[in-house]
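S.K.: Top to bottom, those sequences are chains A and B.
Residue numbering for the first sequence is 0 to 133, as defined by numbering that gives the first Met the number 0.
Residue numbering for the second sequence is 0 to 210, as defined by numbering that gives the first Met the number 0.
Using N, Cα and C, we set each Cβ at its ideal position, and we do this for glycine too.
Quick one: this structure, given as structure tokens, is what I'll be asking you about.
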Amino acid sequence: MNLIDQIESEEMKKEIPDLHVGDTVKVHMRIVEGEKERIQIIEGIIIRISGGGIRETITVRKISFGIGVERIFPLYSPRVEQIDVVKRAKVRQARLYFLRELRGKAARLKELKPPKTEAAKRKRTRGRKKSTTA
Amino acid sequence: MEALLAKKIGMTQVFSETGDCIPVTIVQVERCVPILKKTIEKDGYQAVLTTYGVRKEKHTNKPLKGFYDKHKVEPGRLLTEFRDEEIDDDQLGKPLTVELFAAGDRVDVIGTSKGKGFAGVMKRFNFAGAPASRGSHEAFRGGGSIGMHTYPGRVWKGKKMPGHMGNKTVRVQNLKVFRVDVDKNVLFLNGAAPGPNGQIVKIIKSKKGGR
């Protein structure tokens with residue numbers, strides 16, 4: 000491990016949940032207004048995950064009063080207090096920019112039921128292995 | 000002595016307590032040993048001669064070996080002087096550490112910039128170049144005219160033209176020390192330092208030293 004990686008891994012103090020593109024998340028932002036500090040919750044869909052390690056960021060898109068708003072959060076910033084995953088969706092793209100063109104009902108994603116059983120996981124990996132050997 | 004030789008490890012980013020993302024250059028001090036003092040009385044100028052790194056036995060020729068043995072220091076990879084620095088006699092031969100600096104100090108970093116080869120005027124001096132369309136042809140990245148007519152009948156001295164770029168000694172002034180890691184012997188400098196990763200750079204307490 001080189002020194003940069005070592006320093007970066009030391010800086011990554013926070014526990015971040017397993018995030019995927021298409022997840023609906025609640026980001027708890029710490030906002031400082033003069034003397035006061037409060038937590039603001041921003042809920043939306045992750046349309047992009049970019050960067051790696053301490054540079055990792057997510058772009059969260061939400062519709063706020065009828066207007067699409069996107070915010071980029073550095074995951075390891077101390078201002079991001081907490082991230083909750085509300086639901087997951089089935090997605091086929093790495094970047095969900097097509098959502099920008101869509102409004103209302105069309106902008107929904109097909110929900111993925113979260114509890115994946117161990118058996119189902121094993122089945123999937125076995126199938127993949129077989130296809131590579133054949 | 001408020002100067003060090005250190006190895007540029009590379010750049011990364013860290014977050015401050017307030018949540019600001021700060022670009023930092025990581026420099027590590029592996030082995031930096033002051034060897035001898037030069038004084039105005041004896042040498043005509045004041046400096047501290049310092050060595051950095053480790054030199055293998057097989058690469059140390061006899062004159063070098065003799066020099067290092069005389070000062071009872073293990074041979075180092077390079078020898079550099081720090082002009083106008085002072086040091087106590089009992090500090091000679093003892094490795095310098097990053098504890099010379101504290102978080103919040105301002106430092107200058109001196110190193111050799113990356114060589115860019117023979118570069119045109121757009122890359123070298125940020126000239127605008129010529130329009131890409133609207134009837135222009137051939138001279139897209141040229142510098143344009145280089146002078147006038149009968150007067151002066153020559154090109155002014157210092158005219159910016161294509162030529163070799165980089166591979167020069169560069170001093171980046173007034174970088175803030177963001178953090179000092181004594182265990183790893185590492186400094187976090189807020190900003191960029193010249194040269195490639197792995198290069199040995201000089202770190203000197205800032206001469207202009209704004210706070």
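Could you tell me the boundaries of the alpha helix (DSSP H) in which B/Glu40 lies?
M.R.: Residue numbering aside, residue 40 of chain B sits at position 41 when the second sequence is read from its first letter. That run of the alpha helix (DSSP H) goes Ile39 to Asp42.
S.K.: If you pair each beta-carbon of the region 50-69 of chain B with each one of the region 30-39 of chain B, do three or more pairs fall below 8 Å?
M.R.: The answer is yes - the region 30-39 of chain B touches the region 50-69 of chain B, with three or more Cβ pairs under 8 Å.
S.K.: Please return the same chain residues whose Cβ sits closer than 8 Å to the Cβ of B/Ala101, not counting the five positions on each side in sequence.
M.R.: Here residue 101 of chain B corresponds to residue number 102 of the second sequence, with the count starting at 1. Closer than 8 Å at the Cβ level, and outside the excluded window around B/Ala101, lie Val176 and Val179.
S.K.: Interface residues of chain B around A/Tyr96 at Cβ under 8 Å?
M.R.: Within the first sequence, the letter at position 97 stands for residue 96 of chain A. Going along chain B, no residue has its Cβ under 8 Å from A/Tyr96, so there is no contact; the nearest lies around 24 Å.
S.K.: Got a sec? Which residues, its chain only, sit under 7 Å from B/Asn125 by beta carbon, not counting five neighbours each side?
M.R.: For the purposes of this step, residue 125 of chain B is taken as the residue at position 126 of the second sequence. Contacts found: none.
S.K.: Counting only beta-carbon atoms, is B/Ile8 nearer than 7 Å to chain A?
M.R.: Taking the second sequence and counting its residues from 1, the one referred to as residue 8 of chain B is at position 9. At least one chain A Cβ lies under 7 Å of B/Ile8.
S.K.: List, in chain order, every chain B residue whose beta-carbon is nearer than 7 Å to that of A/Glu34.
M.R.: In the first sequence, the residue the question calls residue 34 of chain A occupies position 35. Chain B residues near A/Glu34: none, gap ~14 Å exceeds 7 Å.
S.K.: Whose Cβ in chain A lies nearer than 7 Å to the Cβ of B/Ile34?
M.R.: Indexing the second sequence from 1 puts residue 34 of chain B at position 35. Result: empty, since nearest Cβ-Cβ is about 27 Å, beyond 7 Å.
S.K.: Quick check on A/Ile3 - is its C-beta less than 7 Å from some C-beta in chain B?
M.R.: Residue mapping note: residue 3 of chain A aligns to position 4 of the first sequence, counting from 1. So yes, A/Ile3 belongs to the interface.
S.K.: Using a beta-carbon distance below 7 Å, is A/Pro77 in contact with chain B?
M.R.: Taking the first sequence and counting its residues from 1, one reaches residue 77 of chain A at position 78. With 7 Å as the cut-off, A/Pro77 counts as an interface residue toward chain B.
S.K.: State the CB to CB distance for the pair B/Ile34 and B/Leu91, rounded to an integer number of angstroms; the pair is presumed to be in contact (CB under 8 Å).
M.R.: Your numbering for residue 34 of chain B matches position 35 in the second sequence. Your numbering for residue 91 of chain B matches position 92 in the second sequence. About 7 Å; that satisfies the 8 Å criterion.
S.K.: Since B/Gln45 is in the beta strand (DSSP E), which residue starts that stretch and which ends it?
M.R.: Working through the second sequence from its first residue, we reach residue 45 of chain B at position 46. Careful: B/Gln45 lies outside any beta strand (DSSP E) and carries neither H nor E.
S.K.: Identify, in the order they occur along the chain, each residue of the same chain with its Cβ nearer than 8 Å to the Cβ of B/Lys64, setting aside the five sequence neighbours on each side.
M.R.: Numbered from 1 along the second sequence, position 65 holds the residue referred to as residue 64 of chain B. Only Pro74 meet the Cβ criterion.
S.K.: Let me know the secondary structure DSSP gives A/Leu2 once reduced to three states.
M.R.: Indexing the first sequence from 1 puts residue 2 of chain A at position 3. Note: A/Leu2 maps to helix in three-state DSSP.
S.K.: Considering only their Cβ atoms, is the gap separating B/Arg105 from B/Asn173 smaller than 7 Å?
M.R.: Counting from one through the second sequence, the residue named residue 173 of chain B turns up at place 174. Counting from one through the second sequence, the residue named residue 105 of chain B turns up at place 106. In this structure, B/Arg105 lies closer than 7 Å to B/Asn173 by Cβ.
S.K.: Measure how close the beta-carbons of A/Val24 and A/Ile46 come, nearest whole angstrom, since I'm counting them as under 8 Å.
M.R.: Here residue 24 of chain A refers to the residue found at position 25 when the first sequence is read from its first residue. Here residue 46 of chain A refers to the residue found at position 47 when the first sequence is read from its first residue. Not really, about 11 Å apart at Cβ, beyond 8 Å.
S.K.: Does the beta carbon of B/Val26 come closer than 7 Å to any beta carbon on chain A?
M.R.: Taking the first residue of the second sequence as position 1, residue 26 of chain B is located at position 27. No - not a single Cβ of chain A is within 7 Å of the one on B/Val26.
S.K.: Does the distance from the C-beta atom of B/Thr111 to that of B/Gly197 stay below 7 Å?
M.R.: Here residue 111 of chain B is taken as the residue at index 112 of the second sequence, counted from 1. Here residue 197 of chain B is taken as the residue at index 198 of the second sequence, counted from 1. Result no, Cβ atoms of B/Thr111 and B/Gly197 do not sit closer than 7 Å.
S.K.: From B/Glu85 to B/Ala2, what does the alpha carbon distance come to, in whole angstroms?
M.R.: To locate residue 85 of chain B, count along the second sequence from 1; it is residue 86. To locate residue 2 of chain B, count along the second sequence from 1; it is residue 3. Cα-Cα distance, rounded: 10 Å.
S.K.: Output the distance between the C-alpha atoms of A/Glu110 and A/Arg102, rounded to the nearest integer angstrom.
M.R.: To locate residue 110 of chain A, count along the first sequence from 1; it is residue 111. To locate residue 102 of chain A, count along the first sequence from 1; it is residue 103. Spanning the two alpha carbons is a distance of roughly 17 Å.
S.K.: Please list the segments of the beta strand (DSSP E) lying wholly inside the region 68-123 of chain A, counting only runs of 3 or more residues, in order along the chain.
M.R.: Qualifying beta strand (DSSP E) stretches, in chain order: 79-88.
S.K.: List the DSSP bridge partners of B/Ala101.
M.R.: Position 102 of the second sequence, counted from the first residue, corresponds to residue 101 of chain B. DSSP lists no partner for B/Ala101.
S.K.: Quick check on the DSSP output: what are the complete alpha helix (DSSP H) runs of length 4 or more inside the region 75-124 of chain B, in order along the chain?
M.R.: If we require 4 residues or more, the alpha helix (DSSP H) runs fully inside the region 75-124 of chain B come out as 120-124.
S.K.: Please state whether DSSP places A/Glu7 in a helix, a strand or coil.
M.R.: On the first sequence, position 8 is the one that residue 7 of chain A refers to. A/Glu7 falls in the helix class under three-state DSSP.
S.K.: Does the region 87-106 of chain A touch the region 159-166 of chain B, meaning 3 or more C-beta pairs lie closer than 8 Å?
M.R.: No, the region 159-166 of chain B does not touch the region 87-106 of chain A.
S.K.: How should A/Arg60 be labelled, buried or exposed, when 16 other C-beta atoms within 10 angstroms of its C-beta is the threshold for buried?
M.R.: Numbered from 1 along the first sequence, position 61 holds the residue referred to as residue 60 of chain A. By the 10 Å Cβ count, A/Arg60 comes out buried.
S.K.: By the 10 Å Cβ neighbour count, where 16 or more other Cβ atoms means buried, how is B/Asp87 classified, buried or exposed?
M.R.: Against the second sequence, residue 87 of chain B aligns to sequence position 88. Exposed.
S.K.: Can you say whether B/Ala46 is buried or exposed, counting buried as having 16 or more other CB atoms within 10 angstroms of its CB?
M.R.: Here residue 46 of chain B is taken as the residue at index 47 of the second sequence, counted from 1. Under this definition B/Ala46 is a buried residue.
S.K.: Apart from the five residues on each side of it in sequence, which residues of its chain come closer than 8 Å, Cβ to Cβ, to B/Ile145?
M.R.: One-based indexing of the second sequence puts residue 145 of chain B at position 146. Counting only Cβ-Cβ distances below 8 Å, and skipping sequence neighbours, we find Val154, Lys158 and Met160.
S.K.: With a threshold of 7 Å between beta carbons, is A/Glu100 in contact with chain B?
M.R.: Translated into positions along the first sequence, residue 100 of chain A becomes position 101. Not closer than 7 Å to any Cβ of chain B, the Cβ of A/Glu100 fails to qualify, so no.
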